[in-house]
Amino acid sequence: SIKILNWNMYKGSNSSWESDFDNLTKDVDIALLQEAYLDHKMTRVFKDHPTMRLKMATSFILASRGYVPSGTAIGSDVKMKQVGYRISEPREPIIRTPKAVTHAKFDIEGSKQQLLTITIHAVNFVSSRKLMVQLNDIAKLVRSHKGPVVWGGDFNTWSKKKLRKTRELMAKLNLIEAPFGPGRMKVFGNVIDFVFYKGLELRDSYVLPEVKGADHKPMIVEFYLP
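Once you know that position 210 of the sequence shown is 211 in the working numbering, the rest is easy, because the numbers rise by one and skip nothing.
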């Protein structure tokens, strides 16, 4: 089986983030992370992790905080292949910062195919049209990949139109939305964190609402190969 964590970590701002991160990553194979924030604390936690190594794409660097990079990251104790990133063409208004996507492939034991993993922090204060510009750019990766896919992240689908268009695109890509119970982050009554997948059988998917290390709640999915 493949066990995956999806989590917007809120830049590690909450007091229990460090212990929560350590506990959550003890028994997962892959971590799809958003709002990674390489200040002294998070850099130390990542560096000192006993098994997991991380690859990060930087959305922007906060000069006011000592030039700290922030972005998305993939962590695993399994070697990653073909690690890459995409920077969104749409920018957030006023501050003019983009959002980053990190993607990586993993060899699958006993198979010639590879698993493509994607973590996204989607552009936020923009129209649904601009959100779809970013998502359609990432969709090119999915269409060109001949194997299973897991695409997780914070999609910032805070309007019904954004949510509908996101789900329509995922259906066109033959990606299935993993079901989750209550506890996911909502904005204006709409969920914004998702995991979509294809080429795998879902064993389990759940939210951990009791974890206080970030404003978003961590999500766990477990798959096995059909």
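Every residue, glycine too, gets a C-beta built ideally from N, C-alpha and C. Please read these numbers as outputs of a predicted model, since none were measured by experiment.
Under 6 Å Cβ to Cβ from residue i, same chain only, skipping five residues before and after it: list those, please.
{"i": "Arg144", "result": "none"}
{"i": "Asn175", "result": "Lys199"}
{"i": "Pro149", "result": "Leu116, Gly200 and Leu201"}
{"i": "Met133", "result": "Lys166"}
{"i": "Asn125", "result": "Asn157"}
{"i": "Glu223", "result": "Ser2, Lys4, Arg204 and Asp205"}
{"i": "Glu19", "result": "Val46"}
Check this for me: beta carbons of residue i and residue j, under 9 Å apart or not?
{"i": "Val102", "j": "Ser89", "result": "yes"}
{"i": "Leu170", "j": "Ala140", "result": "yes"}
{"i": "Val212", "j": "Ser17", "result": "yes"}
{"i": "Tyr11", "j": "Gly214", "result": "yes"}
{"i": "Gly76", "j": "Ala32", "result": "yes"}
{"i": "Gly154", "j": "Asn24", "result": "no"}
{"i": "Gln83", "j": "Ala105", "result": "yes"}
Below 7 Å CB to CB, which residues in the same chain sit around residue i once its five sequence neighbours on both sides are set aside?
{"i": "Val79", "result": "Asp30 and Phe107"}
{"i": "Arg92", "result": "Thr98 and Pro99"}
{"i": "Gly184", "result": "Val208, Pro210 and Lys218"}
{"i": "Lys56", "result": "Ala74, Ile75, Met81, Val84, Thr103 and Ala105"}
Identify which residue in the options has its Cα closest to the Cα of residue i.
{"i": "Gln35", "options": "Pro227, Gly148, Val134 and Ser60", "result": "Ser60"}
{"i": "Asp49", "options": "Ile62, Phe22, Gly67 and Met57", "result": "Phe22"}
{"i": "Ile221", "options": "Pro180, Tyr11, Val188 and Val69", "result": "Pro180"}
{"i": "Trp159", "options": "Lys147, Val127 and Leu6", "result": "Val127"}
{"i": "Ile62", "options": "Ile96, Val46 and Val84", "result": "Ile96"}
{"i": "Ile234", "options": "Thr26, Leu142, Lys4 and Lys173", "result": "This structure leaves residue 234 out entirely; the chain is present only between 2 and 227."}
{"i": "Asn191", "options": "Pro70, Arg168 and Glu223", "result": "Arg168"}
{"i": "Leu231", "options": "Asn137, Ala172 and Val151", "result": "In this structure the chain extends from 2 to 227, so residue 231 is not present and cannot be described."}
{"i": "His146", "options": "Ile119, Gln135 and Ala172", "result": "Ile119"}
Three-state secondary structure (DSSP) at residue i?
{"i": "Thr167", "result": "helix"}
{"i": "Phe299", "result": "Residue coverage of the chain in this structure runs from 2 to 227, which leaves residue 299 outside it and unanswerable."}
{"i": "Arg144", "result": "helix"}
{"i": "Met57", "result": "strand"}
{"i": "Val79", "result": "coil"}
{"i": "His104", "result": "strand"}
{"i": "Trp159", "result": "coil"}
{"i": "Ala64", "result": "helix"}
{"i": "Val69", "result": "strand"}
{"i": "Lys42", "result": "helix"}
For residue i and residue j, what's the separation of their Cα atoms in angstroms?
{"i": "Met43", "j": "Asp28", "result": "20 Å"}
{"i": "Glu202", "j": "Pro51", "result": "29 Å"}
{"i": "Phe189", "j": "Lys163", "result": "12 Å"}
{"i": "Gly13", "j": "Ser2", "result": "29 Å"}
{"i": "Ala74", "j": "Asn15", "result": "19 Å"}
{"i": "Met186", "j": "Ser129", "result": "19 Å"}
{"i": "Gly67", "j": "Arg204", "result": "43 Å"}
{"i": "Pro53", "j": "Val196", "result": "For the sequence presented, residue 53 should be read as Met rather than Pro. Straight-line Cα distance between these residues: approximately 21 Å."}
{"i": "Pro227", "j": "Lys131", "result": "36 Å"}
{"i": "Asp40", "j": "Val46", "result": "10 Å"}
{"i": "Thr26", "j": "Lys161", "result": "33 Å"}
{"i": "Pro70", "j": "Ala37", "result": "8 Å"}
{"i": "Asn137", "j": "Ile193", "result": "17 Å"}
{"i": "Ala172", "j": "Asp216", "result": "29 Å"}
{"i": "Gln135", "j": "Gly182", "result": "27 Å"}
{"i": "Pro94", "j": "Glu178", "result": "29 Å"}
Who are the near neighbours of residue i in its chain, counting only those whose CB is closer than 8 Å to its CB and skipping five residues on each side?
{"i": "Ile109", "result": "Gln115, Leu116, Gly148, Pro149 and Leu226"}
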